[in-house]
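To start, the structure itself, in structure tokens.
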Amino acid sequence: MKKFSEIIPREILFPFVLLSTCFAMWGLSNNMTDPLVKAFLDIFDDLSNAQTALIQNAFYGAYFCLGIPGAIIARKYGYKKGVLAGLGLYILGGLLFYPASLMLQFEPFLVAFFVLAGGLSILETNANPYIIAMGPEDTATQRLNFAQSFNPIGSLIGLFVCKFAILTKLEVVNAQKIQGMDAEALLVIQKDQLDIVMTPYFIAALFLIILWVMIAMSKKMPAVKEHDHKAHVGQTLKDLFTNQNYVFAVIAQFFYVGAQIAVWTYTIHYITGQLGIKNSEAMNYHMVAIVSFSIARWVFTGLMVRFKPSTLLLAAAGMGGLCTVGVIFAGDKMAFTGYIPFVGTSPFTLGVACLISISVFMSLMFPTIFGLGSRGLGEGTKLGASGLIMAILGGALLTLLQGKLIDVFGGTEETMLGLATAKSYLVPLVCFVVIAAYALFVKAKKVEDIVSE
Numbered sequence: 007m008k009k010f011s012e013i014i015p016r017e018i019l020f021p022f023v024l025l026s027t028c029f030a031m032w033g034l035s036n037n038m039t040d041p042l043v044k045a046f047l048d049i050f051d052d053l054s055n056a057q058t059a060l061i062q063n064a065f066y067g068a069y070f071c072l073g074i075p076g077a078i079i080a081r082k083y084g085y086k087k088g089v090l091a092g093l094g095l096y097i098l099g100g101l102l103f104y105p106a107s108l109m110l111q112f113e114p115f116l117v118a119f120f121v122l123a124g125g126l127s128i129l130e131t132n133a134n135p136y137i138i139a140m141g142p143e144d145t146a147t148q149r150l151n152f153a154q155s156f157n158p159i160g161s162l163i164g165l166f167v168c169k170f171a172i173l174t175k176l177e178v179v180n181a182q183k184i185q186g187m188d189a190e191a192l193l194v195i196q197k198d199q200l201d202i203v204m205t206p207y208f209i210a211a212l213f214l215i216i217l218w219v220m221i222a223m224s225k226k227m228p229a230v231k232e233h234d235h236k237a238h239v240g241q242t243l244k245d246l247f248t249n250q251n252y253v254f255a256v257i258a259q260f261f262y263v264g265a266q267i268a269v270w271t272y273t274i275h276y277i278t279g280q281l282g283i284k285n286s287e288a289m290n291y292h293m294v295a296i297v298s299f300s301i302a303r304w305v306f307t308g309l310m311v312r313f314k315p316s317t318l319l320l321a322a323a324g325m326g327g328l329c330t331v332g333v334i335f336a337g338d339k340m341a342f343t344g345y346i347p348f349v350g351t352s353p354f355t356l357g358v359a360c361l362i363s364i365s366v367f368m369s370l371m372f373p374t375i376f377g378l379g380s381r382g383l384g385e386g387t388k389l390g391a392s393g394l395i396m397a398i399l400g401g402a403l404l405t406l407l408q409g410k411l412i413d414v415f416g417g418t419e420e421t422m423l424g425l426a427t428a429k430s431y432l433v434p435l436v437c438f439v440v441i442a443a444y445a446l447f448v449k450a451k452k453v454e455d456i457v458s459e
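Using our numbering, the first residue of the sequence shown is number 7, and each one after it goes up by one.
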């Protein structure tokens with residue numbers, strides 16, 4: 007059993023805490039953003055499910071576009087400056103929400119989301135391998151899982167902010183809409199709605215300025231030991247593309263992020279459709295899912311001292327797929343009353359329970375795939391990290407695909423939303439099959455025994 011000091015040596019504890027705060031902050035943005043797909047559907051009445059999914063397209067498409075620039079920064083200037091560059095762009099994106107809210111159009115928000123997420127891409131491209139390189143390689147996956155355990159804490163904060171500072175306030179404003187209201191009055195209401203959406207992002211940007219200064223001024227950020235820095239980029243890329251484990255890890259990460267974002271983006275669609283409740287009430291179930299995700303990530307991190315990461319990944323992918331089958335076929339089956347902390351008794355169905363359970367099994371996947379895919383890359387880790395972050399594009403493409411399926415299955419009709427959303431969960435089901443295949447590959451090739459030269 008590994009000791010805590012072997013996973014996180016004492017001399018890197020403070021830098022580890024600063025970087026872990028970054029992990030929490032991108033969790034906050036991700037989970038404030040997911041429920042807004044449904045919110046923008048209500049703010050802009052002329053948008054379809056597929057069109058509002060462009061939020062995720064802009065958000066996770068930025069991860070793809072900025073992944074390689076993030077790796078170039080890491081390669082040329084080091085991980086610390088890469089982290090600062092990512093945070094800086096994240097701050098700019100948050101501040102852009104203010105002018106976007108003044109324009110009363112959907113497209114400027116897409117620009118703000120793209121810039122913000124571009125910063126997250128550079129940040130993650132540098133922060134993840136920085137955590138891996140901070141300590142011994144044999145504890146790298148455990149260390150990354152531990153750092154990633156702070157991500158769902160930010161996710162929870164993001165959900166609370168989204169529920170109480172955005173969705174609940176939006177419902178109050180939406181109630182002011184009256185059929186036949188003139189265009190000028192509707193614009194006033196829309197301005198109020200967009201101000202509500204803008205404010206949390208703007209405040210988050212102000213907090214990030216403080217974090218940026220702390221990291222920039224810290225003298226304790228470790229200088230990571232470099233491998234042969236003379237390796238040509240072309241040769242490094244060739245080595246990466248011929249590394250079967252790395253390529254499969256990128257594919258698995260693409261499908262994992264696609265599954266996570268699709269599952270969470272359409273949670274509110276599914277629950278409002280199945281249970282006939284309001285968006286803000288459906289957020290209670292989404293928060294239960296994220297709390298479960300948070301707790302499970304800590305549990306899985308603890309289990310890694312006894313079980314190989316690939317074993318846990320295989321089990322989680324299998325159970326995630328099984329729960330997804332329940333979401334598809336048991337949406338309105340076995341209705342019962344459950345209890346949600348701080349909310350009280352609430353209606354459930356078997357499908358809703360399965361939907362929440364998926365988050366438990368997704369919790370270890372991203373850092374585990376990232377850690378396993380980085381095994382033995384050496385100097386290629388910096389460019390390799392960009393590929394594993396660019397794979398987050400799956401969150402854009404597969405979420406858009408699921409949104410189109412909802413429209414195809416009849417989700418444009420409010421009465422059909424629950425059934426159409428249930429059928430669309432075929433997309434995450436396929437994703438879990440791919441992840442299970444990668445876990446089997448890792449076990450067969452004994453990837454966990456590989457050590458960098």
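Note that the Cβ used here is the ideal one computed from N, Cα and C, for glycine as well. All of these numbers come straight from a predicted model, not from anything done at the bench.
Asked	Found
Confirm, please, whether the CB-CB distance from F156 to S369 is below 8 angstroms.	no
Below 8 angstroms on the Cβ atoms is my contact criterion, and I expect S392 with I74 to pass it. Report the Cβ-Cβ distance as a whole number of Å.	5 angstroms
Buried or exposed for K86, please, with buried defined as at least 16 other CB atoms from any protein chain shown within 10 angstroms of its CB.	buried
Spell out the partners DSSP gives P353 in its beta bridges.	T343
Express the C-alpha separation of V219 and K410 in angstroms, rounding to a whole number.	42 angstroms
The alpha helix (DSSP H) that contains R81, what's its start and end?	L60 to Y83
Leaving out the 5 sequence neighbours to the left and right, which residues in its chain are closer than 7 angstroms to I3 when beta-carbon positions are compared?	Beyond the ends of the chain as shown, which are 7 and 459, falls residue 3; an answer cannot be given.
Per DSSP, what kind of secondary structure is K451 in: helix, strand or coil?	helix
Cβ-heavy atom distance between L394 and the ligand MG below 7 angstroms?	This structure does not include the ligand MG; it has no bound ligands of any sort.
May I have the straight-line CA-CA distance separating V167 from E190, to the nearest angstrom?	29 angstroms
Any idea if F299 is buried or exposed, counting beta-carbon neighbours within 10 angstroms, 16 or more meaning buried?	buried
Which residue marks the beginning of the alpha helix (DSSP H) containing N249, and which one marks its end?	Where N249 is concerned, there is no enclosing alpha helix (DSSP H), given that its DSSP letter is neither H nor E.
Check whether the Cβ atoms of L246 and G390 sit closer than 8 angstroms, and answer yes or no.	yes
R381: which of A146, L318 and M371 sits nearest, CA to CA?	A146
Go to L47, then tell me how far its alpha helix (DSSP H) extends in each direction, as first and last residue.	L42 to I49
Check whether the stretch 314-327 and the stretch 341-355 touch, using three or more Cβ-Cβ pairs below 8 angstroms as the test.	no
Relative to the C-alpha of I159, which residue among S35, F50 and H275 is closest?	S35
Between A30 and T242, what straight-line distance do the alpha-carbon atoms span, to the nearest angstrom?	31 angstroms
Taking the alpha helix (DSSP H) that A391 falls in, what are its first and last residues?	T387 to M396
Going by beta carbon distance, what residues of the same chain come within less than 7 angstroms of S286, once the five residues before and after it are set aside?	K169, L173, T174 and E177
Compute the beta-carbon to beta-carbon distance between Y444 and F254, rounded to the nearest angstrom, for a pair I have assumed lies under 8 angstroms.	5 angstroms
If you reduce the DSSP assignment to three classes, tell me which class L361 lands in.	helix
At the level of alpha carbons, what is the spacing between S161 and V203?	17 angstroms
Below 8 angstroms, how does it come out for the stretch 280-295 and the stretch 56-70: are there three or more Cβ pairs, yes or no?	no
DSSP on I14, reduced to helix/strand/coil?	coil
How about L274 and T405: are their beta carbons less than 8 angstroms apart?	The sequence given here places Ile at residue 274; Leu does not occur at that position. Going by C-beta atoms, I274 is not nearer than 8 angstroms to T405.
Assuming G33 contacts Y207 under a Cβ cut-off of 8 angstroms, what Cβ separation, rounded to an integer in Å, is found between them?	Contact doesn't hold; Cβ gap of about 14 angstroms is too wide.
Return the CA-CA distance between K197 and V439, expressed in angstroms with no decimal places.	44 angstroms
Sorted by chain position, which residues of the same chain lie with C-beta nearer than 6 angstroms to A153's C-beta, five sequence neighbours on each side aside?	S26, F29 and I137
Relative to the C-alpha of G337, which residue among K284, P347, Y345 and Y276 is closest?	Y276
Grouping DSSP H, G and I as helix and E and B as strand, with all else coil, what is K183?	coil
Where does Y431 fall in DSSP's three states?	coil
Suppose the cutoff is 7 angstroms on Cβ atoms and the five residues either side in sequence are ignored; what does the same chain contact list for C360 look like?	C329, G332, V333 and A336
With a Cβ-Cβ cutoff of 8 angstroms, do Y262 and I441 count as a contact?	yes
Could one say the Cβ of L394 lies closer than 8 angstroms to chain C's Cβ atoms, at least one of them?	Here chain C cannot be found, since the structure has a single protein chain.
When DSSP labels each residue in this structure, what does G416 get in the three-state scheme?	coil
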